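Numbering (this note's numbering), first residue to last: 21 to 93.
Note that the Cβ used here is the ideal one computed from N, Cα and C, for glycine as well.
Computed from a predicted model, the values in this text were never measured in an experiment.
Quick notes on the structure that follows.
Printed below as a string of structure tokens:
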């Protein structure tokens with residue numbers, strides 16, 4: 021029997037520039053948006069996350085999708 025992958029959930033994560041620490045190290049802050057559809061188009065997801073990022077006072081750095089799946093045998 022071949023193993024299969026079962027999609028569980030996907031989250032969109034937006035990253036912001038949080039400034040610098042007292043030591044001069046960069047601070048990155050993030051916001052996660054849950055329940056992203058499994059087959060979302062990358063361009064569409066990026067546009068939505070970029071628009072959501074505009075609600076923050078912090079500068080937008082980038083975005084990613086984090087998927088969780090089960091491997092079933």
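Q) Roughly how far, in whole angstroms, is the beta-carbon of residue 27 from the beta-carbon of residue 89, given that I think they are within contact range, below 8 angstroms? A) Yes, residue 27 and residue 89 are in contact; Cβ-Cβ is about 5 angstroms, under 8 angstroms.
Q | Reduced DSSP secondary structure (H/G/I, E/B, other) of residue 23 | A | Note: residue 23 maps to coil in three-state DSSP.
(Q) Assuming contact is defined by CB atoms lying nearer than 8 angstroms, are residue 30 and residue 91 in contact in what I supplied? (A) No, they are not a contact pair.
Q.
Using a Cβ-Cβ cutoff of less than 6 angstroms, which residues in the same chain neighbour residue 74 once the five nearest sequence positions on both sides are dropped?
A. Nothing meets the Cβ criterion.
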